[in-house]
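Numbering (my numbering), first residue to last: 5 to 139.
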């Protein structure tokens, strides 16, 4: 939404995501990105992200922006990831302490990566792929 510092993203199984209409209006924002974000070519709104690399730890999951949904029942946010990235969109670095404090007040642990559980999942995937752990 306009003026928001962050988006709210949920992960869904790839086979559960479908575009109900106007799929022809969607284009990939950056074909070289790990998560290929599909956005409306007319208005620029991002609809979902998909990982095409079947060796990626989160292959098989799609990423959707639940803050854009009018539907009820979405899981609440559990943490705030990539918090420092808001500097790239113009937030003064001097405000980051206040931003992180507010996130903690909302019981959203701020990270500049993913949550520990998701980082563990990535590391486990990489270790299994390399043979360091049994698949």
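By construction, the Cβ of each residue, glycine as well, lies at the ideal position given by its N, Cα and C atoms.
Cβ-based neighbour list, residue i, same chain, cut-off 8 Å, excluding 5 preceding and 5 following
i, result
"residue 39", "53, 54, 55 and 67"
"residue 74", "none"
Own chain, CB closer than 6 Å to residue i, minus 5 neighbours either side, in chain order
i, result
"residue 91", "97"
"residue 87", "114 and 116"
"residue 33", "41 and 43"
"residue 119", "83"
"residue 9", "90"
Buried or exposed (CB count within 10 angstroms, at least 16 for buried), residue i
i, result
"residue 84", "buried"
"residue 137", "exposed"
"residue 107", "buried"
Where residue i falls: helix, strand or coil (DSSP)
i, result
"residue 130", "helix"
"residue 125", "helix"
Cut-off 7 Å between Cβ atoms - residues of its own chain near residue i, not counting five sequence neighbours on either side
i, result
"residue 128", "137"
"residue 139", "132"
"residue 14", "68, 70, 78 and 79"
"residue 125", "61"
- Message: Extract the residue ranges of the beta strand (DSSP E) inside the region 24-104, only unbroken runs of 3 or more that lie entirely within it.
- Response: 30-32, 40-44, 50-54 and 65-69
Note to self: For the region 57-67 against the region 22-34, do three or more pairs of beta-carbon atoms, one drawn from each stretch, fall closer than 8 Å, so that the two count as touching?
What the structure shows: Flag = no, the region 57-67 and the region 22-34 do not touch.
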